Amino acid sequence: MEIIMSVAIGFLFMAAVYLILSKSLIRIIIGTGLLSHGAHLLILTMGGLGGTAPPVVADGVQITDYVDPLPQALILTAIVISFAVTSFFLVLAYRAYQELGTDDMNLMRGIEDRD
Amino acid sequence: MINLLLFPVIIPMLFGTILLFFPKNIRMQRIIAACGVAITFIAGLFLLAAVKTNGLQAVTLGSWDAPFGISMVSDLFSVLLVLTATLITLFVIFYSFQTIGFEREQSYYYPAVLFLLTGVNGAFTTGDIFNLFVFFEVLLMSSYMLIVHGGEKPQLRETIKYLLVNIISSALFVAAVAYLYSVTGTLNMADLAVKIPQIQETGILTVIAVLFLVVFGFKASIFPLYFWLPGSYYAPPIPVLALFGALLTKVGVYAITRTYTLFFTMNIEVTHELLAIIAILTILAGCIGALAYFDVKKIIIYNIIIAVGVILFGVSQMNGAGVEGAIFYLIHDMLIKAALFFLVGIIAVLFGTTNLREMGGLIKTYPLLGWTYLLAAFGLAGIPPLSGFPGKLLIVQGGFEGPNFWGSLVILATSLLVLLSVIRIFIYAFWGPPVKTIPINKSAYNQMFIPSLLLVIITVFVGVGAELFMPLISGAGEVLLNPSIYIDAVLKE
Amino acid sequence: MRTNDVMLQTATKVVTFIILMFAVHIFFAGHYTPGGGFVGGLLTASAIVLLMLAFDIETVKKIIPFNYVMMTAIGLLLALATAGASIFFNVPFFTHAYDYFHLPLFGKTSLHSAALFDLGVYLVVVGVTMTIIQTIGEDE
């Protein structure tokens, strides 16, 4: 199972890098989304995939059956943060598109010359 | 009061929240923001007294036991940085009254500054590596807001790059935390310091340590990863630039210092040697930039990068002199960078440009500004007895005592280049034939100049009275060099 | 050109309330099982967004005349106050209090100060999400 997860994470990172390296802003934003998904899956895998019962005390569940709750808490926090950052990025991209009239990163370089 | 060490984190957040209720009332915004930061500073002073008399303060949130809950830890190192950061924020708020503009003040400028302070103080105080990530994100979110605030075209363009770089470094941070958790099974810094020396396989830990160096290096702008900094910091207005230049990169430097002294010490020959080499390369790259540009903002921005290199070189030596020097220089640099950005901001306002070639002769009309700037410039370069000197002296001494004496030689040589880069501003802007300045009314000028002057006076005081501060600095260095003090205080029994 | 959206509007009138009720359910489910303020807040925000899609922003503003920034601030203040109450009892920050009460109708119920914190989170999430969506949606 860990092998499959690793391949999936690698694939997500690969796709993210490809998208982030493209010129269009919206592809870059999708790329950052994939990148953080990859990182979240990485936490889940690195925390160990054993255990099936939710980490809440219940009757008739052995202590070894619980999943490790910490990676889940970390992922939840990371998801909330990446949600906030991505939505901020979308608003920013939209404003930038309105103001600058382009979503092409090639046209957004430089300090003095292209204002 | 076991929660005392959390006050510098909670108070700015509380006041920032209160400010959200009436964005349009500028007068109230100013008063409450300044009061909030002043109260934070007072709380910080109490905390300093508590840490000085009772040793390390630690609390684990939610009454959990130490390795399981999130620990917040305040040692002398972190409390000194919290105090410095709060002091600078206070001055930035005073300086903003005149320079930031009514429109920005009405659209949540002060709440953003206070939330930034929450993030910075939180990052300095936390004792949990994932919580460090969370506070990084708090301060980054506020910094995204501040850097784009006002929505001018260059700001929008540069914010996109700044945001992208930080999103990637955050994703790497999460990945690095995941690796660390899988190897050690804990994320509490004190617990990590216990567990890491017990692990035989140091190879994988070295990789993780370097990965963390990359993550924090993005924030601290070390050698190959500083490429985003000059462009992004150039875009926002001066008060925001001063806040960023003084605080943000220093949080990255703090994180490297903390992790590399507390638990990533299993393979010093590789990791700390790498850190020393990178630090020297950072200094050289910064010097090239600082000398290459004829733009006052750019020159000081590149000086941020130089200072990061100097501090990290001190940290990489892992001996008493080097680490103490790094702490002293870190505090000095936060203060002096804010002061220099303030002064450069005034110069830019007076000439209506940041280009050095279009300036000249300011010493005739504004003599006090000129001499204050010269004092700050000497302080930055480390001319004795100003504040840059004791820190740099200790760092150089640390290099000679440690394995990297050549690094000390580079630091000594580049000090002259630093002096040259900032004195160029003095020569071009204050000497030479007078250039027509933009008329500015007296009270507006004073509102900008007085915070700058006070900050410069504080740096002079820190330099001249270095003997007074040395007990605090060496106390901070002692904790960094002896992780057992930290571990015992956090994990208790 | 305006498309015919009778289907969407009719469905929305029913579905919105289902989503809102589900949001409340999820919010309270967070007590002992998966769920909580964040998910509940996102569901509520999605219900409002659905309204905005089916009708238009002006109409929705008339129906739900909240200032979302204010909502965020109230949520933050509530969360901070709940966590900060521990300061007055001199126990570590975020320590929460809970007990079992016998309430009419509900019987034996556990009341938890963390629920107030979650309510703050809920308000912040709804406030922030709606602020972002309004910022993008308002200018044509």
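Residue numbers (this note's numbering), protein chains in the order written: chain A, 1 to 115; chain B, 1001 to 1493; chain C, 2001 to 2140. Each residue gets a CB set at the ideal place from its N, CA and C atoms; glycine is no exception. If you're wondering where the values come from, they're calculated on a predicted model, not measured in any experiment.
Would residue i and residue j be called neighbours here (beta carbons separated by less than 9 Å)?
| i | j | result |
| --- | --- | --- |
| Gly2137/C | Tyr2068/C | no |
| Leu1340/B | Tyr1373/B | yes |
| His40/A | Ile3/A | no |
| Tyr1329/B | Ala1307/B | yes |
| Leu1248/B | Lys1219/B | yes |
| Trp1228/B | Lys1161/B | yes |
| Gly1231/B | Thr1118/B | no |
| Ala1326/B | Thr1257/B | yes |
| Gly196/A | Tyr18/A | The shown model of chain A, from 1 to 115, leaves out residue 196/A, and the question about it has no answer. |
| Asp1333/B | Lys1250/B | yes |
| Val85/A | Ile1167/B | yes |
| Phe1136/B | Ala1255/B | yes |
| Phe1351/B | Ile1458/B | no |
| Leu1163/B | Phe13/A | no |
| Leu1243/B | Val1092/B | yes |
| Leu950/B | Val1253/B | The structure shown has nothing for residue 950/B, since chain B only spans 1001 to 1493. |
| Val1073/B | Ala1190/B | yes |
| Ala1377/B | Ile1423/B | yes |
| Ile1088/B | Leu1455/B | yes |
| Phe2027/C | Val2039/C | yes |
| Asp68/A | Gly47/A | yes |
| Ser1421/B | Cys1287/B | yes |
| Gly1475/B | Lys1024/B | no |
| Ser1142/B | Val1113/B | yes |
Take the Cβ of residue i as the centre, count every other Cβ of all protein chains shown within 10 Å, and call the residue buried at 16 or more, exposed below.
| i | result |
| --- | --- |
| Cys1035/B | exposed |
| Ala1123/B | buried |
| Asp113/A | Any reading at Asp113/A needs caution, since the residue's pLDDT is 44, under 50, leaving its predicted position unreliable; the model's value is listed next. Exposed is the call here. |
| Glu1269/B | exposed |
| Met1/A | exposed |
| Ala1466/B | buried |
| Leu1140/B | buried |
| Asn1303/B | buried |
| Val1148/B | buried |
| Thr1365/B | exposed |
| Met1359/B | buried |
| Gly1477/B | buried |
| Ile1031/B | exposed |
| Leu2105/C | exposed |
| Glu1103/B | exposed |
| Asp104/A | exposed |
| Asp2005/C | exposed |
| Ile1204/B | exposed |
| Val7/A | exposed |
| Phe1022/B | exposed |
Since residue i contacts residue j with CB under 8 Å, what's their CB separation in whole angstroms?
| i | j | result |
| --- | --- | --- |
| Phe1115/B | Phe1173/B | Going by Cβ atoms, the distance from Phe1115/B to Phe1173/B rounds to 20 Å, so no, they are not a contact pair. |
| Leu1083/B | Leu1048/B | 6 Å |
| Tyr1202/B | Asn1267/B | As written in the sequence, residue 1202/B is Thr, which differs from the Tyr given in the question. At roughly 5 Å, the Cβ-Cβ gap stays under 8 Å, so Thr1202/B and Asn1267/B are in contact. |
| Ile43/A | Leu74/A | 5 Å |
| Thr2016/C | Leu2050/C | 6 Å |
| Gly1402/B | Gly1322/B | 6 Å |
| Val1480/B | Phe1216/B | Going by the sequence as given, residue 1480/B is Leu instead of Val. Wrong, their Cβ atoms sit about 16 Å apart, outside the cutoff. |
| Ile1425/B | Val1296/B | 6 Å |
| Lys1392/B | Ser1415/B | 7 Å |
| Met5/A | Thr45/A | 4 Å |
| Thr1099/B | Thr1040/B | Rounded, the Cβ-Cβ distance is 22 Å, inconsistent with contact. |
| Ser1071/B | Ala1058/B | 6 Å |
Compile a chain-ordered list of the residues in the segment 1056–1070 of chain B whose CB is closer than 7 Å to at least one CB of chain E. The structure shown contains no chain E; its protein chains are A, B and C.
Compile a chain-ordered list of the residues in the segment 2003–2037 of chain C whose CB is closer than 8 Å to at least one CB of chain B. Residues of the segment 2003–2037 of chain C with a Cβ closer than 8 Å to any Cβ of chain B: none.
Any C-beta of chain C within less than 8 Å: which residues of the segment 49–70 of chain A qualify? So the list reads Pro54 and Val56, given in the order they occur along the chain.
Tell me which residues of the segment 1017–1031 of chain B have at least one Cβ-Cβ distance to chain A shorter than 8 Å, keeping chain order. none
Compile a chain-ordered list of the residues in the segment 2067–2101 of chain C whose CB is closer than 8 Å to at least one CB of chain B. Val2069, Met2070, Thr2072, Ala2073, Leu2076, Leu2077, Leu2080, Gly2084, Ser2086, Ile2087, Asn2090, Val2091, Pro2092, Phe2093, Phe2094, Thr2095 and His2096
Given 8 Å as the limit, is there contact between the segment 1279–1289 of chain B and the segment 1209–1226 of chain B, that is, 3 or more CB pairs closer than that? yes
How do the segment 2019–2035 of chain C and the segment 2083–2100 of chain C stand: do at least 3 beta-carbon pairs fall below 8 Å, yes or no? no
Chain A contacts made by the segment 1353–1368 of chain B, where a contact means CB separation under 8 Å: none
At least three beta-carbon pairs within less than 8 Å, the segment 1385–1399 of chain B to the segment 1313–1321 of chain B: yes
Evaluate contact between the segment 2113–2133 of chain C and the segment 2066–2080 of chain C, counting only Cβ atoms and requiring at least three cross-stretch pairs below 8 Å. Yes, the segment 2113–2133 of chain C is in contact with the segment 2066–2080 of chain C.
Residues of the segment 84–96 of chain A in Cβ contact with chain B at a cutoff of 9 Å, in chain order, please. Ala84, Val85, Thr86, Phe88, Phe89, Leu92, Ala93, Arg95 and Ala96
Determine which residues of the segment 4–30 of chain A have a Cβ less than 7 Å from any Cβ of chain C, and write them out in chain order. none
For the segment 1155–1171 of chain B, which residues have a beta carbon sitting closer than 9 Å to at least one beta carbon of chain A? Leu1156, Arg1157, Glu1158, Thr1159, Ile1160, Lys1161, Leu1163, Leu1164, Asn1166, Ile1167, Ile1168, Ser1170 and Ala1171
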